[in-house]
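Asker: By our numbering, the letter at position 190 of the sequence shown is numbered 253, and the numbering carries on one by one without gaps.
All C-beta atoms, glycine included, are put in the ideal place defined by N, C-alpha and C.
Please read these numbers as outputs of a predicted model, since none were measured by experiment.
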Amino acid sequence: MSRALVLSGGGPVGIAWEAGLLAGLEEQGVDLGAADYILGTSAGSFVGSQLAMGRKARDLAAAIMAETERVRPAVAAGSRPGGGQRPSGLAALLPLMQAARSGDVDPQAARREIGKFALAAETMPEEAFIESFGRQLSHGQAGAWPQRNFACSAVDAETGEFVLWSAESKVGLARAVASSCSVPGVYPPITINGRRYIDGGMRSGSNADLATGHELVVVVGLRTATTDPEMSARMRAPLERELQTLRDGGARTELILPDDASVAAFGVNLMDGRVRPAAARAGIAQGKALAASLAAVWG
Numbered sequence: 064m065s066r067a068l069v070l071s072g073g074g075p076v077g078i079a080w081e082a083g084l085l086a087g088l089e090e091q092g093v094d095l096g097a098a099d100y101i102l103g104t105s106a107g108s109f110v111g112s113q114l115a116m117g118r119k120a121r122d123l124a125a126a127i128m129a130e131t132e133r134v135r136p137a138v139a140a141g142s143r144p145g146g147g148q149r150p151s152g153l154a155a156l157l158p159l160m161q162a163a164r165s166g167d168v169d170p171q172a173a174r175r176e177i178g179k180f181a182l183a184a185e186t187m188p189e190e191a192f193i194e195s196f197g198r199q200l201s202h203g204q205a206g207a208w209p210q211r212n213f214a215c216s217a218v219d220a221e222t223g224e225f226v227l228w229s230a231e232s233k234v235g236l237a238r239a240v241a242s243s244c245s246v247p248g249v250y251p252p253i254t255i256n257g258r259r260y261i262d263g264g265m266r267s268g269s270n271a272d273l274a275t276g277h278e279l280v281v282v283v284g285l286r287t288a289t290t291d292p293e294m295s296a297r298m299r300a301p302l303e304r305e306l307q308t309l310r311d312g313g314a315r316t317e318l319i320l321p322d323d324a325s326v327a328a329f330g331v332n333l334m335d336g337r338v339r340p341a342a343a344r345a346g347i348a349q350g351k352a353l354a355a356s357l358a359a360v361w362g
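Dropping the structure here:
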């Protein structure tokens, strides 16, 4: 049976929770990192690249939980990672993202608008952002690509075109992952082959529909607390369409979303690095609780 693992975006907090979730499952004998194909978007591209390079989820989660001893600054909506205030902030990005994912407008045109926003924003230097990923990739192979079947997503900031980086792309892993994680207005667009790229989550938070051709697809999604049922349904609709595409193609799908305890650990800002240890611990607990039921389908 061909198995795919799809890891969604969710900022630094999403990275922590996904690492914890996979570590909890791994501890109970369910190794999702052994998938035949790993597809990552934004935060999921980082976690997926680690798994594809052979790193165990437990080691990734342990490193995040060790951050308890360090103070990590929050990246608040409307502020840059290095401090200061952006005039429009993330509040200007959210309507553009909703438009790009809604299906009501030309999605590539909507992504071009997001790209303009990203290119005009003041952020940390591009090379510093790329280097932060290069330091964390297993064995320091920032310029290599995993031998295992791994891909991650990005968007051309000028054209709005969606791209999927894979071994065939001949792109260094650190630069590819950095581009997939380049949240517009927060992190810098990444230069690859003379073009600038931004977060692959601007097409979709998961891009799960691109995992076609596999018999079993496990999708790890993200959600945050909301008291607005209409907003919750609107945010969930694109993922449901992607899951249906997979099912129409003959795949069995399994969707994992954060449980209530995990959502509570996240707080309201998925960019807040201070809650990463708590998010990782919540993920571990959820992974352990899910292991028995998921083992029956994962094998």
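(1) Which residue from T104, E190, V246 puts its Cα closest to that of V69?
(2) Have a look at G276 and F213 and give me their C-alpha separation to the nearest angstrom.
(3) What do you get for E81, buried or exposed, if any count of 16 or more other CB atoms within 10 angstroms of its CB means buried?
(4) According to DSSP, simplified to helix, strand and coil, what is D262?
(5) Classify E317 as helix, strand or coil using the three-state DSSP reduction.
(6) In angstroms, rounded to a whole number, what distance separates the CA positions of T222 and E176?
(7) Looking at the unbroken alpha helix (DSSP H) that takes in W80, where does it start and where does it end?
(8) According to DSSP, simplified to helix, strand and coil, what is V168?
(9) Under DSSP, the beta strand (DSSP E) around W361 begins and ends at which residues?
(10) Might you give, ordered along the chain, the residues of its own chain that have their beta carbon closer than 7 angstroms to the beta carbon of E90, omitting 5 neighbours on each side?
(11) Taking the alpha-carbon positions, what's the A324 to G346 distance?
(12) Go through the region 223–310 residue by residue and report every complete run of the alpha helix (DSSP H) that reaches 4 residues or more, in order.
(13) Do F180 and P75 come within 9 angstroms of each other at the CB atom, strictly closer than that value?
(14) My understanding is that S267 touches R174, with C-beta atoms under 8 angstroms, so please give their C-beta distance in whole angstroms.
(15) What number of angstroms, rounded off, separates the C-alpha of A97 from the C-alpha of A172?
(16) May I ask you to report which of helix, strand or coil DSSP gives R174?
(17) Starting from D219, follow the beta strand (DSSP E) in both directions and report where the run begins and ends.
Answerer: Checking against the coordinates, here is how it stands:
(1) The alpha carbon of V69 has as its nearest neighbour, out of T104, E190, V246, the alpha carbon of T104.
(2) Roughly 14 angstroms separates the two Cα atoms.
(3) Its Cβ being crowded by 16 or more others within 10 Å, E81 is buried.
(4) Note: D262 maps to strand in three-state DSSP.
(5) Residue state, collapsed to three classes: strand.
(6) Per the coordinates, the alpha-carbon of T222 lies some 9 angstroms from the alpha-carbon of E176.
(7) From DSSP, the alpha helix (DSSP H) with W80 extends over 74–90.
(8) Correct three-state label for V168: coil.
(9) Counting along the chain, W361 sits inside no beta strand (DSSP E); it lies in the alpha helix (DSSP H) bounded by residues 339–361.
(10) Contacts found: R121, K351.
(11) In this model, A324 and G346 are separated by some 9 angstroms (Cα to Cα).
(12) Listed in chain order, they are 236–243.
(13) Result no, Cβ atoms of P75 and F180 do not sit closer than 9 angstroms.
(14) Not really, about 11 angstroms apart at Cβ, beyond 8 angstroms.
(15) Rounded to the nearest angstrom, the two C-alpha atoms are 37 angstroms apart.
(16) R174 falls in the helix class under three-state DSSP.
(17) It spans 213–219 - the beta strand (DSSP E) in which D219 sits, taken as one unbroken run.
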